[in-house]
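Undergrad:
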Ligand code: CP3
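Residue numbers (this note's numbering): -14 to 333.
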C-alpha cells in the first residue's frame, strides 16, 4: 500500500535496497519556511493546535529532501498541557508550565486526558497529514516517555540538574510513581489514538531517562515504557521505537521491553550496539547532529562511518543522535540524505 515502505521494512529488520533516513525535528527552525508558518500561526502552541498548519510544516522537509518518512508535527508536552498544567513557550528559554505539579494534592488531581477530546487537534492533524501524504511515505507518531513528561511537569520547564524531580524521586518515590502511572495511561491512550487516526510507526522520546542511575532508570523510566509498549502490542503492524538519550549503557535492557527498534544517541558505536542487541531489534541513529556544521565531504564521510559501523544487512534506520540544531544550513541536510541513500547501497 505504501509507495516507499523502506522505513517500515528496516524497522522490522527486513531487507531493503538502501538504508532509510529521517531526521529528528526535521520540521523546525532551521527551515525558513517553517519560521514563516510559525510566524503566521502567532506562536508555537497555536501552530501545534492548527491541523492545517501542522500538515503544512510536516510536509515542508519532504518537499526539500528525499526523506523516507514524515513525522507528525506536534510536541511531547501536549499531554501535560491537556492535563491542565498551562503550557507556554518563553522565547529563547523553552517550555514553561504555569501550574507545575508540586504538592500531593496536585498529584491527586492529575488524570489522563481523553485523547479524542482534549487532544483532538493532534488526531485531526494525523488524519489530514495522512491524506496529504497519499501513501507516498509512512507517518511516524510519537509521545514523550512517562518519565520525561514527569520531568517537565514537576520542574515546570527545562532544568539543568532536575533537582525538584530527583528530590521527589528519593524522598517520596510513591508520589513519583503515582505521576508515572497517570502518565503511562495517558501515553498509552494517546499513542493508541494516533494509531487509530493513521500513524504507521510510533516512537517514545525519553529525553531525560539518561540522567538517572541504572537502578532508578529501570524503576522510574524503563518499567513504564515497557508497560506502554506491552499495552500497544496488539497493534502488530505498527513498529515501535524507543529512544532514551544517554541510554547506551542500558541498551540490552531497552532492547528487551518488546519494542521493534531502539534509537541511539551519538555517543555509542552503533556496531557495538548491534553486537550487543543481536538480531532482537532494529537500531535507529546515530550521527552527531554537529556533523551537519561541517562540509558536504565531511558529512558524507561521517555518514559512511556510521553505515560501515552498523555493517551489512537489514535493521538500520539512519538518523541523527538527537534533534537537528536550528543553526543547521538546509543544504547540508540535502548532502546527508543523498549521501546516505547513495553510500548505503553497498551494505544491502
Ligand atoms: O521531529 C519532528 O520534526 C517532530 C516535531 C517535534 C517537536 N518536538 C517540535 C518542536 C518532536 C518529535 C518534538 C519532541 C520533543 N519536544 C522532545 C523530545 C525530543 C528531544 O528533542 O529530546 C522534547 C524534550 C520536547 C519539548 C520541547 N519542545 C522543548 C524542550 C522545546 C524547546 C526547544 C528549543 O530548542 O527551543 C520545544 C519546542 C519545539 N518542539 C520546537 C519544535 C520545532 C521549536 C519551537 C519553536 O518553533 O520555537
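The beta carbon of each residue, even a glycine, is placed where N, CA and C say it ideally should be.
Alpha carbon to alpha carbon, how far is residue 23 from residue 111?
TA: Looking up residue 23 in the chain shown gives position 38. Looking up residue 111 in the chain shown gives position 126. Using only the alpha carbons, I get a separation of about 19 Å.
Undergrad: Looking at C-alpha atoms only, which residue of 160, 18, 34 and 281 is the closest neighbour of residue 42?
TA: Sequence index remark: in the chain shown, residue 42 carries index 57 (1-based). Considering only alpha carbons, the answer is 18.
Undergrad: Going by the C-beta, is residue 60 closer than 7 Å to any heavy atom of the ligand CP3?
TA: Looking up residue 60 in the chain shown gives position 75. The answer is yes for residue 60.
Undergrad: Let me check you understand the geometry: is the CB of residue 230 closer than 7 Å to at least one non-hydrogen atom of the ligand CP3?
TA: Translated into positions along the chain shown, residue 230 becomes position 245. Yes, since a heavy atom of the ligand CP3 falls inside the 7 Å radius drawn around the Cβ of residue 230.
Undergrad: Answer yes or no: does any C-beta atom of chain B fall closer than 8 Å to that of residue 84?
TA: In summary, chain B is missing from the structure at hand, where a single protein chain is found.
Undergrad: Let me check understanding here. Comparing Cα to Cα, which of 223, 83 and 60 lies closest to residue 337?
TA: Outside the displayed range of the chain (-14 to 333) lies residue 337, so it cannot be described from this structure.
Undergrad: Quickly, what does DSSP pair residue 80 with across the bridge? List them, please.
TA: Your numbering for residue 80 matches position 95 in the chain shown. In DSSP, residue 80 forms a bridge with 74.
Undergrad: Which residue's Cα is closest to the Cα of residue 197: 314, 142, 132 and 181?
TA: Position 212 of the chain shown, counting from 1, holds the residue named residue 197. Residue 132 is the option with its Cα nearest to residue 197.
Undergrad: Does the count of Cβ pairs from the segment 218 to 229 and the segment 149 to 168 closer than 8 Å reach three?
TA: With the cut-off at 8 Å, the segment 218 to 229 and the segment 149 to 168 do not touch.
Undergrad: For a test of your reading of the model: does the CB of residue 147 fall under 7 Å from any non-hydrogen atom of the ligand CP3? Yes or no.
TA: Along the chain shown, one-based indexing puts residue 147 at 162. Outside the cutoff, so no.
Undergrad: Taking the alpha carbon of residue 228 as the reference point, which residue from 217, 267 and 256 has its own alpha carbon closest?
TA: By 1-based counting over the chain shown, the position of residue 228 is 243. Among 217, 267 and 256, the Cα nearest to that of residue 228 is on 267.
Undergrad: Under the rule that 16 or more other beta-carbon atoms within 10 Å means buried, what is residue 336, buried or exposed?
TA: Limits of the chain in this structure are -14 at one end and 333 at the other, which puts residue 336 out of reach.
Undergrad: Looking at the ligand CP3, does it come within less than 7 Å of residue 63, judged from the CB to the closest heavy atom?
TA: Reading the chain shown from its first residue, position 78 is the one you call residue 63. Answer for residue 63: no, Cβ out of range of the ligand CP3.
Undergrad: I'd like to check one pair, residue 0 with residue 54: are the Cβ atoms closer than 8 Å?
TA: In the chain shown, residue 54 corresponds to position 69, counting from 1. In the chain shown, residue 0 corresponds to position 15, counting from 1. Their beta carbons are not under 8 Å apart, which means residue 54 does not touch residue 0 by this criterion.
Undergrad: Just to confirm, are residue 209 and residue 255 a CB contact at a threshold of 8 Å?
TA: As a position in the chain shown, residue 209 is number 224, starting the count at 1. As a position in the chain shown, residue 255 is number 270, starting the count at 1. Result no, Cβ atoms of residue 209 and residue 255 do not sit closer than 8 Å.
Undergrad: Within the present structure, is the beta-carbon of residue 49 separated from the nearest heavy atom of the ligand CP3 by less than 7 Å?
TA: Counting from one through the chain shown, the residue named residue 49 turns up at place 64. Not under cutoff, so the answer is no.
Undergrad: With a Cβ-Cβ cutoff of 8 Å, do residue 139 and residue 153 count as a contact?
TA: Here residue 139 refers to the residue found at position 154 of the chain shown. Here residue 153 refers to the residue found at position 168 of the chain shown. Against a cut-off of 8 Å, the Cβ pair of residue 153 and residue 139 comes out as a contact.
Undergrad: Could you please give me the residues that DSSP links to residue 147 through a beta bridge?
TA: Position 162 of the chain shown, counting from 1, holds the residue named residue 147. None; residue 147 has no bridge partner.
Undergrad: Counting only the same chain and skipping the five closest in sequence on each side, list residues whose C-beta sits under 8 Å from that of residue 81.
TA: Looking up residue 81 in the chain shown gives position 96. Counting only Cβ-Cβ distances below 8 Å, and skipping sequence neighbours, we find 72, 73, 74, 75, 141 and 142.
Undergrad: Between the segment 263 to 277 and the segment -12 to 8, can you find at least three pairs of beta-carbon atoms closer than 8 Å?
TA: A contact exists between the segment -12 to 8 and the segment 263 to 277.
Undergrad: Give every residue of the same chain whose Cβ lies closer than 6 Å to the Cβ of residue -9, excluding the five residues on either side of it in the sequence, and list them in chain order.
TA: What you label residue -9 is simply residue 6 of the chain shown in a count that begins at 1. Closer than 6 Å at Cβ, skipping near neighbours: 1, 5 and 53.
Undergrad: Starting from the C-beta of residue 190, find all residues in its chain whose C-beta is less than 7 Å away, skip the five residues before and the five after it, and write them out in chain order.
TA: One-based indexing of the chain shown puts residue 190 at position 205. Result list for residue 190: 61, 127, 129, 130, 133 and 228, in chain order.
Undergrad: Cβ of residue 106 within 8 Å of Cβ of residue 36?
TA: Position 121 of the chain shown holds residue 106. Position 51 of the chain shown holds residue 36. In contact: residue 106 and residue 36 (Cβ atoms closer than 8 Å).
Undergrad: Does the ligand CP3 have even one heavy atom less than 7 Å from the beta-carbon of residue 214?
TA: As a position in the chain shown, residue 214 is number 229, starting the count at 1. No, the beta carbon of residue 214 sits no closer than 7 Å to any heavy atom of the ligand CP3.
Undergrad: Are residue 121 and residue -11 closer than 8 Å when you measure CB to CB?
TA: Start at 1 with the first residue of the chain shown, and residue 121 comes out as number 136. Start at 1 with the first residue of the chain shown, and residue -11 comes out as number 4. Contact flag set, yes.
Undergrad: When you compare each of 226, 3, 241 and 277 to residue 176 by their alpha carbons, which one comes out closest?
TA: Counting from one through the chain shown, the residue named residue 176 turns up at place 191. That would be 226, whose Cα lies nearest to the Cα of residue 176.
Undergrad: Secondary structure at residue 68, three-state DSSP: helix, strand or coil?
TA: If you number the chain shown from 1, residue 68 lands on position 83. Correct three-state label for residue 68: helix.
Undergrad: Whose CA, out of 101, 67 and 108, lies closest to the CA of residue 95?
TA: For this step, residue 95 is matched to residue 110 along the chain shown. Minimum Cα distance to residue 95 is reached at 67.
Undergrad: According to the neighbour-count rule (16 or more other Cβ atoms, all chains shown, within 10 Å of its Cβ), is residue 297 buried or exposed?
TA: Position 312 of the chain shown, counted from the start, is the residue given in the question as residue 297. Residue 297 should be labelled exposed.
Undergrad: Quick one: Cα of residue 34 to Cα of residue 64, how far?
TA: By 1-based counting over the chain shown, the position of residue 34 is 49. By 1-based counting over the chain shown, the position of residue 64 is 79. Taking the straight line from one Cα to the other gives about 13 Å.
Undergrad: Taking only heavy atoms of the ligand CP3 into account, decide whether any of them is closer than 7 Å to the Cβ of residue 138.
TA: As a position in the chain shown, residue 138 is number 153, starting the count at 1. The answer is no for residue 138.
Undergrad: Based on Cα-Cα distance, which residue from 83, 78, 57 and 56 lies nearest to residue 69?
TA: Locating residue 69 in the chain shown gives position 84, counting from the first residue. Of the candidates 83, 78, 57 and 56, the one whose C-alpha sits nearest the C-alpha of residue 69 is 83.
Undergrad: Assuming residue 125 contacts residue 32 under a Cβ cut-off of 8 Å, what Cβ separation, rounded to an integer in Å, is found between them?
TA: Your numbering for residue 125 matches position 140 in the chain shown. Your numbering for residue 32 matches position 47 in the chain shown. At roughly 18 Å, the Cβ-Cβ gap does not stay under 8 Å, so residue 125 and residue 32 are not in contact.
Undergrad: Please state the DSSP three-state secondary structure of residue 59.
TA: In the chain shown, the residue the question calls residue 59 occupies position 74. Residue 59: coil per DSSP, three-state reduction.
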